[in-house]
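S.K.: Please find one structure pasted underneath; my questions will follow.
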Amino acid sequence: MEADQSRLLFLLFLFTWRLSPEVAAEVQESSDGSASSQKTVSLTDVPATMEFIAAAEVAVIGFFQDLEIPAVSLIHSMVQNFHDVSFGISTDSEVLAHYNITGNTISLFRLVDNEKLDLESKDIERIDASKLSRFIEINSLHLVTEYNPVKAIGLFNSVIQIHLLLMMNKASPEYEESLHRYQKAAKLFQGKWCEGQWEGDLIFQTKGVSTAGFGNLPDSR
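One gets my numbering by counting positions in the sequence shown from 1 and adding 63 to each.
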């Protein structure tokens, strides 16, 4: 069983970039606009919760038995800080039972390795905004995610076996198109079996990965 599991490929694209001051301002303005439209979703039954999780690369859900505890307001406060993470809250007994929740719990679900990470009652009792924010920032790994020292902690504590590092210029006119193509490629290879071997500059860190489907990707080195 362990031998079979070791062959399963979880593919994560990492990227680094540098912004000019003008572009950084535009990105910040865009991010602020996107974040302002987000809200915490109330999850009232199991199908809705499953659909909510399946629709997001990263989802954070507060499973609460009591909505009066401080952690509830913390969940709401995180929404504006993480515009690429979906936030939900559920107090439904069937939902809590479905996810084996026995006490107040904050769970992070992520697509890239199908992982569920929990902050349980004993952790929630002493959590504050800074600690919850760091928990989310470390563990919110996307199929294509910016590489930095904080993300590295979550990455190397995950079961993701293959990491491709992309050097990208965010000020480039081709940036958005390239990013979407890498996201598409990462989804195609997420959870696939390893076959063949990558030929090229990244062979030392991608050995065992088939190159099928990557032939038309732009060179971002």
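Cβ atoms here follow ideal geometry from the backbone N, Cα and C, with glycine treated the same way.
Asp155: which of Ser149, Leu227, Thr165, Val148 sits nearest, CA to CA?
M.R.: Indexing the sequence shown from 1 puts residue 155 at position 92. With distances taken between Cα atoms, Asp155 lies closest to Thr165.
S.K.: Count the CB pairs spanning the segment 209 to 218 and the segment 236 to 247 that are closer than 8 Å, and state whether there are at least three.
M.R.: Contact between the segment 209 to 218 and the segment 236 to 247 is absent, because fewer than three Cβ pairs lie under 8 Å.
S.K.: Ile132 and Ile169: beta carbons closer than 8 Å?
M.R.: On the sequence shown, position 69 is the one that residue 132 refers to. On the sequence shown, position 106 is the one that residue 169 refers to. No; because the gap between Cβ atoms is not below 8 Å, this pair is not in contact.
S.K.: Check the C-beta distance from Leu204 over to Arg173 and give it rounded, since I have them as a contact under 8 Å.
M.R.: Translated into positions along the sequence shown, residue 204 becomes position 141. Translated into positions along the sequence shown, residue 173 becomes position 110. Indeed they touch by this definition, with Cβ atoms about 6 Å apart.
S.K.: Report yes or no: do three or more beta-carbon pairs, one from the segment 217 to 229 and one from the segment 145 to 159, lie closer than 8 Å?
M.R.: No, because fewer than three Cβ pairs between the segment 217 to 229 and the segment 145 to 159 fall closer than 8 Å, the two stretches do not touch.
S.K.: Going straight from the alpha carbon of Lys185 to that of Ala234, what length do you get?
M.R.: Taking the sequence shown and counting its residues from 1, one reaches residue 185 at position 122. Taking the sequence shown and counting its residues from 1, one reaches residue 234 at position 171. So the alpha carbons of these two residues sit roughly 45 Å apart.
S.K.: Are there 16 or more other CB atoms within 10 angstroms of the CB of Leu195, so buried, or fewer, so exposed?
M.R.: Residue numbering aside, residue 195 sits at position 132 when the sequence shown is read from its first letter. Classification of Leu195: buried, given that the 10 Å Cβ count is 16 or more.
S.K.: Around the C-beta of Ala117, are 16 or more other C-beta atoms found within 10 angstroms, so that it is buried, or is it exposed?
M.R.: Numbered from its first residue, the sequence shown carries residue 117 at position 54. Under this definition Ala117 is an exposed residue.
S.K.: Where in the segment 159 to 197 do unbroken runs of the alpha helix (DSSP H), each at least 4 residues long, occur, reported from the N-terminal end onward?
M.R.: Here the runs fully enclosed are 184 to 187.
S.K.: Could you give the residue range of the beta strand (DSSP E) that holds Gln132?
M.R.: Along the sequence shown, one-based indexing puts residue 132 at 69. The question names Gln, yet the displayed sequence has Ile at residue 132. Element bounds for Ile132: n/a, residue is neither H nor E.
S.K.: Please report the distance separating the alpha-carbon of Ile225 from that of Ile201.
M.R.: The residue labelled residue 225 in the question sits at position 162 within the sequence shown. The residue labelled residue 201 in the question sits at position 138 within the sequence shown. So the alpha carbons of these two residues sit roughly 18 Å apart.
S.K.: Looking at the unbroken alpha helix (DSSP H) that takes in Leu218, where does it start and where does it end?
M.R.: In the sequence shown, residue 218 corresponds to position 155, counting from 1. Looking at the DSSP string, the run of the alpha helix (DSSP H) that includes Leu218 is 212 to 219.
S.K.: Counting C-beta neighbours from all protein chains within 10 Å, is the total for Leu228 16 or more, i.e. buried, or is it exposed?
M.R.: Here residue 228 refers to the residue found at position 165 of the sequence shown. When all chains shown are included, Leu228 counts as exposed.
S.K.: Distance check for Ser140 and Ala192, CA to CA, integer angstroms please.
M.R.: Counted from its first residue, the sequence shown places residue 192 at position 129. Counted from its first residue, the sequence shown places residue 140 at position 77. Distance between the alpha carbons of Ala192 and Ser140 is about 8 Å.
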